[in-house]
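Protein chains in written order, with our numbering: chain U, 1 to 162; chain Z, 1001 to 1503.
Yeah, the Cβ is synthetic: ideal placement off N, Cα and C, and Gly gets one too.
Values in this document were obtained by computation on a predicted structure and should not be read as measured data.
Structure, as structure tokens:
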Amino acid sequence: MKIKSQKDFFSGLMFMGVGVAFAVGATTYNVGSGARMGPGYFPLILGILLAILGGAIVFYSTVVESADGDKIGKWAWKPLFFILASNFAFGVLLAGLPSFGVPAMGLIVAIYALVFIASLAGDTFNAKEVFILATILAVGSYVAFVWALKLQFPVWPSFISG
Amino acid sequence: MELFDNLATGFGVAFTFQNLIYCLIGCILGTLIGVLPGIGPVATIAMLLPATYALPPVAALIMLAGIYYGAQYGGSTTAILVNLPGESSSVVTVIDGYQMARKGRAGPALAAAGLGSFFAGCVGTLILAAFAPPLTEVAFKFGPAEYFSLMVLGLIGAVVLASGSLLKAVAMIVLGLLMGLVGTDVNSGVARYSFDIPELTDGINFVVIAMGVFGYGEIIANLSKPEEDREVFTAKVQGLFPTKEDFKRMIPAVLRGTALGSALGILPGGGALLAAFAAYTIEKKTKLQPGEVPFGKGNIRGVAAPESANNAGAQTSFIPLLTLGIPPNAVMALMVGAMTIHNIQPGPQVMTSNPELFWGLIASMWLGNAMLIILNLPLIGMWIKLLTVPYRWLFPSIVLFCAVGVYGTNNNTFDVWLVGIFGFIGYVFHKLGTEPAPLLLGFILGPMMEENLRRALLLSRGDWSVFVTRPISAGLLAAAVLLLIIVLLPAVKNKREEAFVED
């Protein structure tokens, strides 16, 4: 067996895995019968269907020829890491993690952190430029979301605003 | 005429000062974000959705419609000037539009796209207003079995018309359906797939999926590409107006594109992409007049026809949403989500229970189109400036908007963790070459499908044959099967693959 399309092969595996997981999960709920569908009925059908589709995709990926092997290619670990890290940092700083005793630092601090960390994902990083960008975004967000749209955000660190 | 009475009601709603302003803001914001390279309408709407939470429902939907048109128009601007289609339906616009821009005729190209879209938008709005009431009548005759079959047809249609690999797209739909089931089952009260996380018992917020997969996923994918030198035609945009010659060529193309787009847009599955492709193909088949530039070298018809088709399709794709409550594409799926946030259950009852909203929305669609043409032609210089904003400033801002928007939806940090996870998943999808749009569609339809399946089988005492013995349901399913067979026919299959090579 030779993999002729790497993308298809692995996406098929992914669909199979997820489908099986959902189907197995569904059996832990009451499946019921057609006339009296339990909470597990529909997800069980869909899970099995997804696993079959995944299997078919895997099968075709080993049979149908593709031009250049349809390689997945290199993973962009750097942007992946920094973009997601900036997102998580934003969440932690904005509202804190009460269960770990991390205090909320509020919107403004969170925006600076997000912009700085996210910028590291790019090819170039110029601290001064990023600082200006973060300031513009912080002021803009405050005006747009807190002042104009009146969304409920913790704006300042909790130990300042009380 | 009832049609005009209804439209009068609609314009009465839309022409209030407040709603006009929201429509205008929506158009501006939509264009602003939509013009940014690499951000399609889905990401734009997802990003701007939180801005409408605080508004009354009518105003919020009017603003969202404005955002949608703005995003579409902004997308064509980027396509023409930077050779980067922001969404799949402007893929064909790029071919001739960019060539026109290279020859210094970006102005006429943009004007052709704008005027063509405006005309198509007007026609689409009229069709929507005329066809919605009778279709709503039909919708009231639908039982659960019909709804279930209609959704099957809609989902099949969506992938058949608008995606690359058929099998993978179907798998993505099923995955979306499954994700839609996460949360408390309305019938039994059992929390499914929630892993004892209280936030998950309410289900996954669709904004989280949209922003994670379309926002973060796309950014990561964009950043992983080497920074290529993009040619942007900023200096050369002069002489905005098309010449008389241009008009003579463009008008029949606009008419053909509009007709095609209106017809294909109504189909479940929303054929905006197919409409654009078909319109371009038809133009290419017609004979070149003497002295006309060949296609692919900057023919104005190659811009006007697909853009009109695209816009007409965008308009008429509201028909299945507003009359049946079934979103035909990912953008409409987002609109369903937006309506639900404002406590409106989309479907045939909207027109009777909420006529101001229904007709106001339709009227504001026309208004949105009109505003766009007023707004965009003179302001084109400003939008072009936006194209020169470097990506290194752009992507942190987009990440920020997504994060703020997600948190602002429920004031819940759990959603922020979840959007990060979906960002990762979105990047995996990108790497594996699976398209995320069908997933979003499935996600929205999941709970609806389960409910209708449950009711249909309850009424038939568990007999699955109910789907083929009821005539309307059988017809819908037959149409779905027919669609699949047509696509799998070798001749069509090859043509279709050819058409998607350009993505």
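Residue span of the alpha helix (DSSP H) that contains ASN1452 (chain Z), given as start and end: Walking along the second sequence from the start, residue 1452 (chain Z) turns up at place 452. ASN1452 (chain Z): member of the alpha helix (DSSP H) spanning 1437 to 1459, first to last residue.
Whole-angstrom distance between ALA1276 (chain Z) and VAL1518 (chain Z), CA atom to CA atom: One cannot answer for residue 1518 (chain Z) here, as it falls past the ends of chain Z, which runs 1001 to 1503.
Any chain U beta carbon closer than 9 Å to ASP1202 (chain Z): As a first step, residue 1202 (chain Z) is located in the second sequence; it is residue number 202 there, counting from the start. No, ASP1202 (chain Z) does not count as interfacial toward chain U.
Pairwise C-alpha distance: PRO1378 (chain Z) and ARG1102 (chain Z): Stepping through the second sequence from its first residue, residue 1102 (chain Z) is reached at position 102. Stepping through the second sequence from its first residue, residue 1378 (chain Z) is reached at position 378. About 21 Å.
Chain-ordered neighbours of GLY1511 (chain Z) on chain U, where CB pairs are closer than 7 Å: The requested residue 1511 (chain Z) is not part of the displayed model; chain Z covers only 1001 to 1503.
Inter-residue CB distance, ALA113 (chain U) and PHE90 (chain U) (contact presumed, cutoff 8 Å): Start at 1 with the first residue of the first sequence, and residue 113 (chain U) comes out as number 113. Start at 1 with the first residue of the first sequence, and residue 90 (chain U) comes out as number 90. So it is a contact: roughly 7 Å between Cβ atoms.
Amino acids of chain Z, ordered along the chain, whose beta-carbon sits closer than 8 Å to that of MET14 (chain U): The count along the first sequence starts at 1 and reaches residue 14 (chain U) at position 14. Against chain Z, the beta carbon of MET14 (chain U) has neighbours under 8 Å at VAL1428 and LEU1432, listed in chain order.
PHE1429 (chain Z) versus LYS74 (chain U) - alpha carbon distance: Your numbering for residue 1429 (chain Z) matches position 429 in the second sequence. Your numbering for residue 74 (chain U) matches position 74 in the first sequence. Each residue's Cα considered, the two are about 14 Å apart.
Any 3 or more C-beta pairs closer than 8 Å across the region 1041 to 1059 of chain Z and the region 1210 to 1229 of chain Z: The region 1041 to 1059 of chain Z vs the region 1210 to 1229 of chain Z: in contact.
Complete runs of the alpha helix (DSSP H) confined to the region 1142 to 1226 of chain Z [at least 4 residues]: Listed in chain order, they are 1144 to 1162, 1166 to 1180, 1206 to 1209 and 1217 to 1224.
The ligand FMN heavy atom lying under 8 Å from the CB of ASN1310 (chain Z): As far as ligands go, the structure on display features none, and thus does not contain the ligand FMN.
For MET105 (chain U), three-class secondary structure by DSSP: Here residue 105 (chain U) is taken as the residue at index 105 of the first sequence, counted from 1. Coil, per DSSP.
From Z:TRP1464, Z:PHE1401, Z:GLY1446 and Z:GLU1450, residue whose alpha carbon lies closest to that of GLU1029 (chain Z): Here residue 1029 (chain Z) refers to the residue found at position 29 when the second sequence is read from its first residue. Residue identity check: residue 1029 (chain Z) is Leu in the sequence provided, not Glu. The residue with the shortest Cα to Cα distance from LEU1029 (chain Z) is Z:PHE1401.
Those runs of the alpha helix (DSSP H) which lie wholly inside the region 1308 to 1394 of chain Z and span at least 4 residues: List check, alpha helix (DSSP H) in window: 1318 to 1324, 1330 to 1341, 1349 to 1353 and 1355 to 1387.
Residues that PRO1198 (chain Z) contacts on chain U, provided the C-beta gap is smaller than 7 Å: For the purposes of this step, residue 1198 (chain Z) is identified with residue 198 of the second sequence, where counting begins at 1. In chain order: nothing, as chain U lies at least about 13 Å away.
Per DSSP, cross-strand counterpart(s) of GLY1505 (chain Z): With chain Z running from 1001 to 1503 in the structure shown, residue 1505 (chain Z) is simply not present.
Residues of its chain near PHE1011 (chain Z), where Cβ-Cβ distance is below 6 Å and the 5 sequence neighbours each way are ignored: Residue numbering aside, residue 1011 (chain Z) sits at position 11 when the second sequence is read from its first letter. Hits under 6 Å: ALA1363.
GLY32 (chain U) (DSSP reduced to helix, strand or coil): As a working mapping, residue 32 (chain U) is identified with position 32 in the first sequence. The DSSP-derived three-state label of GLY32 (chain U) is strand.
Per DSSP, cross-strand counterpart(s) of MET37 (chain U): Within the first sequence, numbered from 1, the residue matching residue 37 (chain U) stands at position 37. Paired residue(s): U:GLY32.
Cα-Cα separation, LEU1453 (chain Z) to ALA1145 (chain Z): Position 453 of the second sequence, counting from 1, holds the residue named residue 1453 (chain Z). Position 145 of the second sequence, counting from 1, holds the residue named residue 1145 (chain Z). For LEU1453 (chain Z) and ALA1145 (chain Z), the distance between alpha carbons rounds to 7 Å.
Partners in chain U for ASP1185 (chain Z), counting only beta-carbon separations shorter than 7 Å: Counting from 1 along the second sequence, the entry for residue 1185 (chain Z) is found at position 185. Counting only Cβ-Cβ distances below 7 Å, ASP1185 (chain Z) has contacts in chain U at PRO39, in chain order.
Residues bridged to LEU97 (chain U) (per DSSP): Position 97 of the first sequence holds residue 97 (chain U). According to DSSP, LEU97 (chain U) bridges with U:VAL102.
Beta carbon proximity, ASP68 (chain U) to chain Z, threshold 9 Å: Taking the first sequence and counting its residues from 1, one reaches residue 68 (chain U) at position 68. Residue-level contact by beta carbon fails for ASP68 (chain U) and chain Z, as no gap is shorter than 9 Å.
Minimum Cβ-Cβ distance from GLU65 (chain U) to chain Z less than 9 Å: On the first sequence, residue 65 (chain U) is found 65 positions in, with the first residue counted as 1. Answer no: the Cβ-Cβ gap between GLU65 (chain U) and chain Z never drops below 9 Å.
Distance, VAL1466 (chain Z) Cα to ALA23 (chain U) Cα: Your numbering for residue 23 (chain U) matches position 23 in the first sequence. Your numbering for residue 1466 (chain Z) matches position 466 in the second sequence. Rounded to whole angstroms, ALA23 (chain U) to VAL1466 (chain Z) spans 25 Å at the Cα level.
Near-chain U residues of the region 1382 to 1402 of chain Z (beta-carbon distance less than 7 Å), N- to C-terminal order: Those would be ARG1392, TRP1393, PHE1395, PRO1396, SER1397, VAL1399 and LEU1400, in chain order.
Per-residue burial, THR1316 (chain Z) [other beta carbons within 10 Å of its own, 16 or more giving buried]: Taking the second sequence and counting its residues from 1, one reaches residue 1316 (chain Z) at position 316. Label assigned to THR1316 (chain Z): buried.
Interface partners of GLU1450 (chain Z) on chain U, CB under 7 Å: The residue you call residue 1450 (chain Z) lines up with position 450 of the second sequence. What GLU1450 (chain Z) touches in chain U: PHE42.
Three-state secondary structure (DSSP) of TYR1053 (chain Z): Here residue 1053 (chain Z) refers to the residue found at position 53 when the second sequence is read from its first residue. Residue state, collapsed to three classes: coil.
Burial state of GLY1332 (chain Z) (16 or more Cβ within 10 Å): In the second sequence, the residue the question calls residue 1332 (chain Z) occupies position 332. One detail in the question is off: residue 1332 (chain Z) reads as Met in this sequence, not Gly. So MET1332 (chain Z) ends up on the buried side.
Beta-carbon proximity of ASN1019 (chain Z) to PRO1355 (chain Z), cut-off 9 Å: Within the second sequence, numbered from 1, the residue matching residue 1019 (chain Z) stands at position 19. Within the second sequence, numbered from 1, the residue matching residue 1355 (chain Z) stands at position 355. Against a cut-off of 9 Å, the Cβ pair of PRO1355 (chain Z) and ASN1019 (chain Z) comes out as no contact.
Under 9 Å by beta carbon: chain Z residues contacting TRP75 (chain U): Mapped onto the first sequence, residue 75 (chain U) falls at position 75. Correct list: SER1224, TYR1427 and LYS1431.
Three-state secondary structure assigned by DSSP to TRP156 (chain U): Locating residue 156 (chain U) in the first sequence gives position 156, counting from the first residue. If DSSP states are grouped into helix, strand and coil, TRP156 (chain U) belongs with coil.
Beta-carbon neighbours of GLY1423 (chain Z), restricted to chain U and to distances below 9 Å: In the second sequence, the residue the question calls residue 1423 (chain Z) occupies position 423. LEU80, ILE83, LEU84 and ASN87, listed in chain order.
Separation of SER1262 (chain Z) from GLY1124 (chain Z), as counted between CA atoms: Position 124 of the second sequence, counted from the first residue, corresponds to residue 1124 (chain Z). Position 262 of the second sequence, counted from the first residue, corresponds to residue 1262 (chain Z). So the two alpha carbons sit approximately 6 Å from each other.
Residues near LYS4 (chain U) by beta carbon distance below 8 Å, same chain, minus five either side: The residue labelled residue 4 (chain U) in the question sits at position 4 within the first sequence. Close CB contacts of LYS4 (chain U) within its chain, under the 8 Å cut and outside five residues either way in sequence, are with SER61, THR62, VAL63, VAL64, GLU65, SER66, GLY69 and ASP70 (chain order).
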